[in-house]
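A short write-up of the structure that comes next.
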Amino acid sequence: MIELHSSPTPNGQKVMIMLEETGLAWKHFDVNIRLGEQFTSEYLALSPNNKIPAIVDSDGPGGGRYTMMESGAILIYLAEKTGKFLPKDARKRYDTLQWLIFQMAHVGPMFGQANHFNNYAKEKIQYAIDRYNNESVRLYRVLDNRLRDSAWLGSDEYTIADMAVYPWTKGHKERGIDRAGYPGFMRWFDAIEARPAVQRNNTMAAEIRARMTQAAEGKQAIDMFDTKDNAERLARGTRR
Ligand SMILES: N[C@@H](CCC(=O)N[C@@H](CS)C(=O)NCC(=O)O)C(=O)O
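Counting in our numbering, the sequence shown runs from 3 upward without gaps.
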């Protein structure tokens with residue numbers, strides 16, 4: 003049984019998709035990052051970087067509980083545990099890992115910063131807005147170029163690389179990414195959305211979001227973007 007301690011952000015959803023695709027037994031444990039639940043000492047014991055997602059596998063390597071943070075590492079772990087969605091063929095395997103790491107190193111951080119400077123930064127800084135918007139559009143071009151030549155990101159098989167990128171690209175319309183300019187990307191996006199496991203993820207993500215909003219009613223939200231406050235919360239949660 004896999005415990006997923008998380009929130010249905012793109013990083014949380016990629017693991018939910020993998021759990022649904024593999025058919026592993028799993029359960030979602032809500033970690034409301036708007037309320038600062040990622041800074042409790044219990045959660046920090048699972049995820050020392052105070053980020054979601056984290057998993058606990060009751061049947062980890064060698065038997066017994068095994069805890070993990072970092073969504074890309076979690077996807078590789080679940081792929082190796084089940085023998086699914088990470089090809090055995092060496093070339094396909096390394097191609098898949100390249101595109102998985104491309105998501106972790108570029109798509110996630112750059113789209114995340116674009117979202118921050120467009121929507122959350124207290125001060126509107128045009129330089130930062132342009133920098134991350136332009137970089138996000140450039141990354142869609144990289145994806146489209148790859149997907150004009152390859153059925154899926156890693157290879158001719160659907161893999162953990164596709165699961166990692168998909169949830170980040172749901173906002174493609176707002177970025178002006180359309181069928182005419184990005185046909186490879188759009189073909190791929192539609193193929194992923196046709197998968198029953200992905201549809202289950204999308205339904206569950208909406209349900210979990212609604213449940214978390216309800217649970218947060220009347221409670222004080224933290225300022226998630228106050229990095230000084232975040233550092234102090236981390237220090238309090240891990241004080242020895
Ligand atoms: N590289 C990490 C990134 C995780 C991450 O940034 N999680 C965000 C939500 S998507 C989070 O937990 N934020 C809470 C915080 O910063 O305190 C991963 O892929 O697991």
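Cβ atoms here follow ideal geometry from the backbone N, Cα and C, with glycine treated the same way. Keep in mind it's a predicted model, so treat the numbers as computed, not measured.
Under a Cβ-count criterion, where at least 16 other Cβ atoms within 10 Å of its own Cβ denotes burial, should residue i be classed as buried or exposed?
i	result
GLN100	exposed
ASP97	buried
GLN216	exposed
PRO198	exposed
ILE127	exposed
LYS16	buried
GLY205	The identity of residue 205 in the sequence shown is Thr, whereas the question assumes Gly. When all chains shown are included, THR205 counts as exposed.
ASN13	buried
TYR79	buried
PRO55	buried
GLY156	buried
MET70	buried
SER43	exposed
PHE227	exposed
MET3	exposed
Using the Cα positions of residue i and residue j, report the straight-line distance between them to the nearest angstrom.
i	j	result
PHE191	ARG150	12 angstroms
ARG133	ALA116	8 angstroms
PRO10	PRO89	27 angstroms
ALA75	GLY183	33 angstroms
TYR142	ARG148	10 angstroms
ASP61	ARG67	6 angstroms
LYS221	MET214	11 angstroms
ARG177	SER8	27 angstroms
SER152	MET20	21 angstroms
ARG211	GLY110	20 angstroms
GLY25	GLU39	28 angstroms
GLU137	MET112	7 angstroms
LYS94	PHE87	11 angstroms
GLU125	GLY85	47 angstroms
GLY105	GLY65	The sequence given here places Gln at residue 105; Gly does not occur at that position. For GLN105 and GLY65, the distance between alpha carbons rounds to 31 angstroms.
THR229	HIS30	27 angstroms
GLU5	ILE179	35 angstroms
THR161	ASP91	13 angstroms
So, for residue i: in the same chain, excluding its five sequence neighbours on each side, which residues have a beta-carbon less than 7 angstroms away from its beta-carbon?
i	result
ILE194	ASP164, TYR168, VAL200
ASP225	ASP231
Spell out the partners DSSP gives residue i in its beta bridges.
i	result
LEU6	HIS30, ILE57
THR69	VAL58
Just to confirm my understanding: we take residue i, look at its own chain, exclude 5 residues before and 5 after, and list those with CB closer than 6 angstroms. What are they?
i	result
ILE103	none
ASN135	ALA116
THR240	LEU46
Cutting at 8 angstroms between CB atoms, please list the residues of its own chain near residue i, excluding the five before and the five after it.
i	result
VAL139	ARG177, GLY178, ILE179
ASN52	GLN40, PHE41, TYR45, LEU46, ASN232, ARG235, LEU236, GLY239
(request) Starting from the N-terminal end, write out each residue whose C-beta falls within a distance shorter than 7 angstroms of any non-hydrogen atom of ligand 1. (result) SER9, THR11, PRO12, ASN13, GLY14, ILE35, GLN40, ASN52, LYS53, ILE54, PRO55, MET71, GLU72, SER73, GLY74, MET106, GLY110, GLY114, MET226, ASN232
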